[in-house]
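Participant:
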Amino acid sequence: MPCTALPRIVPRPEHNISRANISEHALKVLYRLRQENFQAHLVGGGVRDLLLGHEPKDFDIATDATPEQVRQVFRNCRLIGRRFRLAHVHFGRDIIEVATFRGSGEEGDDTDRRLENGMIVRDNSYGSIEEDALRRDFTINALYYDIADFSLIDYAGGLDDLRAGRVRFIGDPDQRYREDPVRMLRAVRFACKLGFNIESATEAPLFTLGHLLHDIPAARLFDELIKLLHSGYGLAVFEKLRHYGLFGHLFPATEACLTQQHQEFPLTFVSRGLANTDLRLQEGKPTTPAFLFAIILWEPVRLAYERLVADGVAEADAIHAASSAVCSDQQSLVAIPKRFSLPMREIWALQHRLAQREGKRPYRLITHPRFRAAYDFLVLRAEAGEADPELATWWTRFQDASSQERASMTESGGKRRRSRSRRRRRKPADTASEVPG
Ligand code: ATP
Ligand code: MG
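Here the sequence shown is numbered in full-length UniProt numbering, starting from 1 and rising by one per residue.
#1: Spatial neighbours of LEU30 within its chain, please: CB distance less than 6 Å, with the 5 preceding and 5 following residues excluded, ordered by chain position.
#2: At least one CB of chain C closer than 9 Å to the CB of SER324: is that the case?
#3: State buried or exposed for LEU185, treating a residue as buried only when at least 16 other CB atoms are found within 10 Å of its CB.
#4: Within this structure, are the beta carbons of ILE129 and PHE101 separated by less than 9 Å?
#5: Residue range of the alpha helix (DSSP H) that TYR177 falls in?
#6: May I ask you to report which of helix, strand or coil DSSP gives ASN197?
#7: Cβ-heavy atom distance between PHE138 and the ligand ATP below 8 Å?
#8: Does at least one heavy atom of the ligand MG sit under 8 Å from the Cβ of PRO173?
#9: Near the ligand MG, which residues have their beta-carbon closer than 7 Å to a heavy atom?
#10: May I ask whether a heavy atom of the ligand ATP can be found less than 8 Å away from the beta carbon of ARG78?
#11: Counting only the same chain and skipping the five closest in sequence on each side, list residues whose C-beta sits under 8 Å from that of SER421.
#12: Alpha carbon to alpha carbon, what distance is there between TRP395 and ARG78?
#13: Whole angstroms are fine: how far does the CA of ALA191 sit from the CA of HIS211?
#14: Using the beta-carbon count (16 or more within 10 Å), is SER403 buried or exposed?
#15: Could you tell me whether any non-hydrogen atom of the ligand ATP is closer than 8 Å to the CB of ALA87?
#16: Measuring CA to CA, which of CYS327, LEU159, PRO337, LEU303 is closest to GLN260?
#17: Is it true that the CB of VAL43 sits closer than 9 Å to the CB of ASP64?
#18: Do you know how far the Cα of ILE319 is from the Cα of ARG168?
#19: Using a Cβ-based criterion (distance less than 8 Å to any ligand heavy atom), does PHE291 qualify as near the ligand HEM?
#20: State the Cα-Cα distance for the pair GLY234 and ASP180, rounded to the nearest angstrom.
#21: Quick check: the Cα distance between residue 455 and ALA325, rounded to an integer number of angstroms?
#22: What three-state label does DSSP hand residue 464 in the structure shown?
#23: Kindly indicate the opening and closing residues of the beta strand (DSSP E) around LEU115.
#24: Can you tell me whether ARG114 sits near the ligand ATP, meaning its C-beta is under 8 Å from at least one heavy atom of the ligand?
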């Protein structure tokens with residue numbers, strides 16, 4: 001297609017987006033809005049991914065109907081978000097996100113768009129499709145598929161960038177990152193997800209504006225980190241975040257360990273752990289963010305634990321105290337919800353119990369709901385050179401062993417009992433209560 005002045009309108013015969021590849025629910029919403037005489041476009045990742053021949057993760061819709069008007073059209077609709085008001089149209093578990101065209105919000109005082117220190121804290125000022133396109137983040141995310149005539153509309157040069165494999169900001173990158181620093185993480189995400197380059201003006205501020213991430217609510221950063229690290233390309237994201245110095249603003253304790261330590265294993269451990277998670281996700285195997293965060297935060301936990309043990313604290317108490325200290329520092333930056341932080345702490349606590357192989361202990365431990373995750377974690381530690389490979393092999397064998405073999409294994413495990421006396425507090429075996437909340 002020749003390069004023409006923007007907007008560039010590509011009629012249906014000249015592009016590859018077919019309704020056959022758009023979800024039935026998204027099509028329903030598009031047609032229904034159109035029936036009610038509203039404009040209705042597919043936009044964002046749905047259009048981008050279809051043009052690239054990928055299967056979109058979800059379909060986002062943009063319209064000139066206000067959220068309230070959208071609610072009137074669909075009975076199965078809920079309005080969400082204060083900072084950025086959106087309509088969610090529900091079809092069972094499937095949700096189609098419908099956003100009203102945003103405007104620049106510059107004229108008049110009645111606009112519902114608010115900036116604080118250059119950061120957008122509210123963006124509910126509505127406008128035209130063209131304004132909407134220009135306030136989107138990257139050119140490749142600002143392509144519209146019009147349900148009225150199935151044409152494609154490009155207001156920002158996204159088609160050229162898509163073809164060139166380029167992530168490029170719309171407008172002045174510095175200002176636009178300041179408006180919403182999460183866009184720095186989004187730039188990294190799209191570069192890794194699509195295997196694209198980040199255009200130089202879009203890339204430069206990534207090296208210097210990382211501190212702005214501290215202004216973002218910790219819960220929003222958690223959501224964004226899940227998309228970054230738990231989508232099948234976590235290792236590439238981790239390496240890029242470190243390259244730009246962004247990782248240290250998200251996980252300062254881990255970054256300090258990675259840069260200050262001379263040993264290879266902390267970095268090897270995190271890299272292998274992320275690669276492992278990527279592979280499992282690509283193969284459609286179950287994974288949990290609890291395991292992922294357990295990997296990322298392990299090294300600071302392990303060092304704090306070793307310091308406490310050296311100070312004479314009992315091992316079981318030391319792991320709890322070390323976990324609590326690292327988690328509470330981390331929580332103010334990236335809020336890991338309890339449903340993930342509790343199992344994460346269990347994985348850590350079980351590392352200490354995996355070292356105890358005598359008597360009935362291994363039999364109890366193997367029935368623990370978090371045993372498998374803790375064992376996988378131990379294997380990774382051993383592969384990275386931090387834990388004893390013999391211990392990991394022992395557990396691999398123990399799981400498959402006959403009862404006779406197990407008996408002889410736990411006998412020899414008993415011989416390994418440490419001579420140092422330990423203060424033992426009995427706790428109900430194998431319960432989450434081992435880890436304080
Ligand atoms: P994904 O495949 O992960 O869903 P996406 O591009 O669709 O990628 P969404 O988070 O679903 O990303 O957002 C939909 C669209 O909304 C984006 O493509 C972009 O146009 C716009 N958008 C989302 N977040 C921002 C932001 N922080 N700043 C500007 N525009 C944004
Ligand atoms: Mg999307």
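Each residue gets a CB set at the ideal place from its N, CA and C atoms; glycine is no exception.
Facilitator: Reading from the atomic positions:
#1: Closer than 6 Å at the Cβ level, and outside the excluded window around LEU30, lie ALA40, ILE147.
#2: The structure shown contains no chain C; it holds only a single protein chain.
#3: Here LEU185 is buried. Its C-beta has 16 or more other C-beta atoms within 10 Å.
#4: Less than 9 Å divides the Cβ of ILE129 from the Cβ of PHE101.
#5: In the DSSP annotation of this structure, the continuous segment of the alpha helix (DSSP H) that includes TYR177 starts and ends at 173-179.
#6: Here ASN197 sits in strand by DSSP.
#7: Checking every heavy atom of the ligand ATP against the Cβ of PHE138, one is found closer than 8 Å.
#8: Answer for PRO173: no, Cβ out of range of the ligand MG.
#9: The set, ordered by position in the chain, is GLY44, GLY45, GLY46, LYS57, ASP58, ASP60.
#10: For the ligand ATP, not one heavy atom lies less than 8 Å from the Cβ of ARG78.
#11: Low per-residue confidence applies at SER421: pLDDT is 40, beneath 50, and the placement is therefore not dependable enough to give any value.
#12: The straight-line gap separating the alpha-carbon atoms of ARG78 and TRP395 is approximately 50 Å.
#13: Distance between the alpha carbons of HIS211 and ALA191 is about 21 Å.
#14: The residue is exposed, with fewer than 16 neighbouring Cβ atoms inside 10 Å.
#15: Outside the cutoff, so no.
#16: Looking at the Cα atoms, LEU303 is the closest of the given residues.
#17: Not closer than 9 Å, so no.
#18: Spanning the two alpha carbons is a distance of roughly 45 Å.
#19: Among the ligands modelled here, namely the ligand ATP and the ligand MG, the ligand HEM does not occur.
#20: Looking at the two C-alpha atoms, the distance is approximately 22 Å.
#21: With the chain covering 1 to 437 only, the question about residue 455 has no answer from this structure.
#22: Since the first residue of the chain shown is 1 and the last is 437, residue 464 is not available in this structure.
#23: That run of the beta strand (DSSP E) goes 113-116.
#24: Because no heavy atom of the ligand ATP lies under 8 Å away, the Cβ of ARG114 does not count as near it: no.
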